[in-house]
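Okay, structure first, notes after.
4 protein chains.
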Amino acid sequence: MNLRVGIVGATGYTGYELLQIIHRHPHAQLTWATSESSAGQKICDLYPGPYDTRLIRLADAPLSQADVVFVCLPHGAAMDAVAAARDAGCRVIDLSADYRLPTTELYQRWYGHAHSQPQLLAEAVYGLCEINRDAIRRAGLVANPGCYPTTVNLGLWPLARVGVLGPQVIVDAKSGVSGAGRKPRLGSLFVEVNENLSPYSIGYTHRHIAEMELILGPHVPQLALTFSPHLLPVNRGILSTIYIEVNADLSSREVHQIYTQAYSNEPMIQLLPPGQVATLRHTVHSNRLAIGLTPLPYPGRWIVTVSEDNLLKGASGQAVQNMNLMFDLPEVSGLI
Amino acid sequence: MNLRVGIVGATGYTGYELLQIIHRHPHAQLTWATSESSAGQKICDLYPGPYDTRLIRLADAPLSQADVVFVCLPHGAAMDAVAAARDAGCRVIDLSADYRLPTTELYQRWYGHAHSQPQLLAEAVYGLCEINRDAIRRAGLVANPGCYPTTVNLGLWPLARVGVLGPQVIVDAKSGVSGAGRKPRLGSLFVEVNENLSPYSIGYTHRHIAEMELILGPHVPQLALTFSPHLLPVNRGILSTIYIEVNADLSSREVHQIYTQAYSNEPMIQLLPPGQVATLRHTVHSNRLAIGLTPLPYPGRWIVTVSEDNLLKGASGQAVQNMNLMFDLPEVSGLI
Amino acid sequence: MNLRVGIVGATGYTGYELLQIIHRHPHAQLTWATSESSAGQKICDLYPGPYDTRLIRLADAPLSQADVVFVCLPHGAAMDAVAAARDAGCRVIDLSADYRLPTTELYQRWYGHAHSQPQLLAEAVYGLCEINRDAIRRAGLVANPGCYPTTVNLGLWPLARVGVLGPQVIVDAKSGVSGAGRKPRLGSLFVEVNENLSPYSIGYTHRHIAEMELILGPHVPQLALTFSPHLLPVNRGILSTIYIEVNADLSSREVHQIYTQAYSNEPMIQLLPPGQVATLRHTVHSNRLAIGLTPLPYPGRWIVTVSEDNLLKGASGQAVQNMNLMFDLPEVSGLI
Amino acid sequence: MNLRVGIVGATGYTGYELLQIIHRHPHAQLTWATSESSAGQKICDLYPGPYDTRLIRLADAPLSQADVVFVCLPHGAAMDAVAAARDAGCRVIDLSADYRLPTTELYQRWYGHAHSQPQLLAEAVYGLCEINRDAIRRAGLVANPGCYPTTVNLGLWPLARVGVLGPQVIVDAKSGVSGAGRKPRLGSLFVEVNENLSPYSIGYTHRHIAEMELILGPHVPQLALTFSPHLLPVNRGILSTIYIEVNADLSSREVHQIYTQAYSNEPMIQLLPPGQVATLRHTVHSNRLAIGLTPLPYPGRWIVTVSEDNLLKGASGQAVQNMNLMFDLPEVSGLI
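Chains as they are written, first to last, in my numbering: chain D, 12 to 347; chain U, 12 to 347; chain B, 12 to 347; chain W, 12 to 347.
This is how it looks when you write it as structure tokens:
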């Protein structure tokens, strides 16, 4: 018996990626998909593929016919759609930022407007599979992590959890353009992006910093993050080059062991052998996250290179990994 | 003494390209530049370059302080701006389609709305330099040719003018994305174009066919054009692969001679040796147009490959070539 | 019970693509993989992925432990490897051109050297699934079709088989760079290809013409093919824009019906609705082939747009589709 | 009267770029150009452009007919070619690394082989125009700087020279593929680079570090550089995102003033207004270098973004800027 899946907001890049995964998934099937702007049209009128599901408005969606609902709306807009699906008894995976931060205060601070669903926010589980697996299994509402934070949090988690990550963390991140969404904007035009590379929101301004502080902060006293995203002329993929200090006298071998212990049984983490660096090519079009560890000749200083496909492990792939956990399916179903 | 140049609509891709050429030009200087949407801002607020000219509205432009005015507005909008500049006594080069077709009827048929300046239309000279050089020198108003037609018209003109071009002409054209303009549209987004190739308006629907018929038609009885543009994932450049029949019993050497005779003194035409094909790389970032001639093993049938930079020989470069002609400057000034 | 698969030449682009499909395939598993130049290394030393199969030399490969052997060597080199695998009792799918042409004479003419295995050549079945399905099921040796011919043959087959395709066929094809293989060559360097578009081997010189004449020729008297490939700055995908004449008085609706009748049950063919054109995005990263039909305003003349992923339907995907047919597996297994 | 220019090694990317600049230069003309591998061919046989200079071997080059010789050979090979041109009485600009480091010991340490011309090495001037202008004017031999070091040295020089740059400098650099040269290598193939991003030689291993230590080291006690280059899927351009500490209690305004004082009269430096970051688009296809300054919320910490065209300000453009200085021409001649 297949899981019945509803997708709210199926026409953005993450929504469509999700729809494609669900179509390949051996234990799930699409029940309905919504779009406010394209209701009445078929998916294949919007994307050059073979999917002829007809889109409906959220107000017309038979919510309760879905076992699980994925919400792929922009932050702000997702909040109430999530609540509606929960009210209808569905388990929900929200791909927006609306339920990622633990308190309404924190949400207000980073996103600049109030949260309309404080009770639901309290109930939400942060869906970073490798770290929160048990809570995810039981969750009614999973907040799927942001694309950039997934690279940083999984890239540094092994060191953070054993308390050896130093406070100065510099993340120089580069992301493909699908991360900017499918809305026509000057900055996303081909001619503006192609043959270009642009830093944006560098320093300490990008909202995704909040999720990094959320996961790493409790384990790193005085954490001082610097986060510099760059818009990269590729469709998909994030590479984060992370400059860290390890605050203990650890050998290269010991640092590698810390990662091996953390990730040796993780199906979606590809820990590279010593001497290798992660590239986009390691992970694009897969749900894996690749990690490379490079020591510097300065004591305790390392470079961690982390790559993922921003639409898969950074969004829709991880969302399905969460679904698999929530419904006791093999964690990798539909993802390889 | 330098020519004083005004640019109407300086913030689109052709307007900005023109502005850059004028800045390099040894005998011209920018006097004013307009933008309705960005008036009050400096060019360097909009484009990452060193140009700090402040944009003004067209209504505020001191038209008569310019010797020559380039109009870089969309078709329809250009019509009256051209008239205003002519009324102020300027010589005008219009980069839109508004003055390219000889009659209001033809304009109405292809562009779907009436022409507001029939007298000016009658006066306009079609600015294909290599063909209309004398008329351009004397012109008050030059209609700068379309990007695609320039490749087709210059690519086939030598055969057409001596009456040996057959009626069946198939143009398979591929254009970089700057040809679609700088307006945010879904179809121009990086993710939609990159790693893709899309035919559009193929067959006999694209408006640029009118300019091909205008130039070639009088020399080719029963001309039956097929024109298939494709959107190519590059910033700049057009390659037209043209399938033709030569309606006479000409040897390969004779066909080459026909081209050599037509173009041997043309500074902007690069006629390739027998056996070579034109590629984008031949012409991108230059004002040249490259032509390659490939015989087929079927009698009288040839493939003509033509390339140009759509923003230079296909738009702003040719516009400056026209300016040079109009003001008795060396034809290549500012263009090499 | 899983099919046991051997891959000869697993480190080129088609070999590696095949290996990835086999890893995902629910009814097949990799038994061994060879590379002469990289024997002793693991796949993941050569490609940034998770595959740790160690490569062996062909001479060391336990041929008979495989039920099916895929040969992914260059033409000329494949010939004898195929024979060795057949001698060991394996069923073989050859992705090279060595067994595609029916006679040694034809092979000699197009490939310029003799064929060393005339008997095997006589036995080989041309693996164009949609056309030769029954013969493929029974075949010991399948010659997997060329990438370009698959677009042309499947794009025109419906018309050819009912005898209404006219002799003049012009194919303007554009291919991603993976089609040129993984061997370092000047013409495949990033800087040479990016922001460029190059016609090559245009007219009537490319070897793939032989396969088009093989399939279409028997149904089209006096077939006169023109074939113009272009190197496109994308990784994957072929788009063929084909200009044809239909030699009968058929309405648009009738032409569409001819295609619908041919392909309505084909899982890998996406026949687009009237008015749509095929783009790369329709098929890249899938095993589908998309076909669009555009009438011209000239009686009997049409443009057929066809796209496929050159590494999937144009090579390794079609090879697996052939394997599925040969071993009575669902035809789409591992391919969606 | 024009300068007579000889180019040794005209067929690599830097050599060809140089040749194009010389062709546009109002006060210079090409006298001869060499290539060992392509001697006898014309430039336009190798590159799709209009240059028909016939290449000769270095041994056949009339060295003394050139006023200035540019050497565009790989390091190691350049050493003796430079000496030959100096012996013939030419002033020389070497674009290789052979004369950039001040001592044979340092050269040996970073490049792994001995230097054959110790006297010449002692005489060479490091050609970073903005810093060594006076010495360059008088120089017989100029060592043109490396592409990466130009971004780092010019990006940090204002702070270093006034003694306020702290020792910890992290450079996260991204370079277009032309920086890897025109030699066919697997890692430079289109399919390997496109849709990818690869860190390489990260940490403290890349040879260009020596040039950064050469310029900045004397002004920064205990300088501890980390340098992480990445291969970027664009043809041209370098963006360096540099994380620094300023070891004094300077306000944002004061830091900006330090840069303004250093660069306000520099024609090739584009210092961006506060709040702006440098992008590739700021400088590609120009000889400018753009600098953006972004303060961090951590006291004394800044991000400096620097971009240049690696073939122009990072190689051949700066070489011509050096030539202009050496021969008392306007510094920007041929470069705008």
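Beta carbons are placed, not taken as given, at the ideal position from N, Cα and C, and that holds for glycine.
Since we're looking at a predicted model, the values are computed, not measured.
query                                                                                                                  : result
Same chain, Cβ closer than 7 Å to Arg3/D, neighbours up to 5 away in sequence not counted                              : Chain D is shown from 12 up to 347; residue 3/D falls before or after that span and cannot be answered.
Helix, strand or coil at Ile33/D [DSSP, three-state]                                                                   : helix
Closest residue to Thr294/W among Gly190/U, Val175/U, Leu29/U, Tyr62/U (Cα-Cα distance)                                : Tyr62/U
Other residues of its chain near Thr316/U: CB distance less than 6 Å, five sequence neighbours each side excluded      : Thr252, Val288, Ala289, Gly303
Residue from Gly174/B, Leu84/B, Arg193/B, Gly157/B whose Cα sits closest to the Cα of Asp260/B                         : Gly174/B
Glu203/D, enclosing alpha helix (DSSP H) - first and last residue                                                      : 201-204
Any C-beta of chain U under 8 Å from that of Asp320/B                                                                  : no
Reduced DSSP secondary structure (H/G/I, E/B, other) of Ser327/U                                                       : helix
Proximal chain D residues relative to Tyr400/U, where beta-carbon distance stays under 9 Å                             : Since the first residue shown for chain U is 12 and the last is 347, residue 400/U is missing from the structure and cannot be characterised.
Contact residues within the region 316-347 of chain W, judged by C-beta distance below 8 Å to chain B                  : none
Closer than 8 Å at the beta carbon, the chain D residues around Leu307/W                                               : Gly214, Tyr215, Thr237
Every unbroken alpha helix (DSSP H) within the region 64-146 of chain B, with a cutoff of 4 residues, ordered by chain : 89-98, 115-122, 129-134
Beta-carbon proximity list for Pro169/B, same chain, < 8 Å, skipping 5 on both sides                                   : Ile269, Tyr270, Gln272, Ala273, Tyr274
Interface residues of chain B facing Asp183/U [CB-CB closer than 7 Å]                                                  : Asp183, Thr252
Residues sharing a beta bridge with Gln281/U, DSSP                                                                     : Ala301/U
CB contact flag (Met337/U, Arg148/U, <8 Å)                                                                             : yes
Spatial neighbours of Val188/U in its chain, beta-carbon cut-off 8 Å, leaving aside the 5 residues before and after    : Ser199, Val204, Leu242, Leu243, Pro244, Val245, Asn246
Among Asp339/U, Ala108/U, Gly166/U, nearest to Arg267/U - alpha-carbon criterion                                       : For the sequence presented, residue 267/U should be read as His rather than Arg. For the residues Asp339/U, Ala108/U, Gly166/U, the minimum Cα distance to His267/U belongs to Gly166/U.
For Leu261/B, three-class secondary structure by DSSP                                                                  : coil
Collapsed DSSP secondary structure at Glu47/D in the structure displayed                                               : coil
Three or more C-beta pairs below 8 Å linking the region 99-110 of chain U and the region 126-141 of chain U            : yes
Minimum Cβ-Cβ distance from Ala195/W to chain U less than 8 Å                                                          : With the sequence shown as reference, residue 195/W is identified as Pro, and Ala is not the correct amino acid for it. Cβ-Cβ to chain U under 8 Å: no for Pro195/W.
Burial state of Val343/U, where buried means 16 or more other Cβ atoms lie within 10 Å                                 : exposed
Proximity test, Cβ basis, 8 Å: Val19/B and chain W                                                                     : no
Residue from Asn333/W, Asn164/W, Pro37/W, Pro310/W whose Cα sits closest to the Cα of Gly151/W                         : Asn333/W
Integer-rounded CB distance, given that Ala184/B should sit under 8 Å from Ile249/B                                    : 6 Å
is_contact[Ile314/W, chain D] using C-beta, thresh 8 Å                                                                 : yes
Interface flag, Pro59/D vs chain B, CB-CB below 8 Å                                                                    : yes
Beta-carbon gap between Ile18/D and Ala44/D smaller than 8 Å                                                           : yes
Interface flag, Glu141/U vs chain W, CB-CB below 8 Å                                                                   : no
Within chain B, partners of Val82/W - CB distance below 8 Å                                                            : Result: empty, since nearest Cβ-Cβ is about 22 Å, beyond 8 Å.
Contact check, Cys140/D vs Gln329/D, beta carbons under 8 Å                                                            : yes
Residues bridged to Asp339/D [DSSP beta-bridge criterion]                                                              : BP columns for Asp339/D are empty, so no partner.
Which of helix, strand or coil DSSP assigns to Gln179/D                                                                : strand
Where Ala184/U sits in the DSSP three-state scheme                                                                     : strand
Proximal residues to Ala191/B (C-beta, below 8 Å), its chain only, five neighbours per side dropped                    : Gly198, Ser199, Leu242
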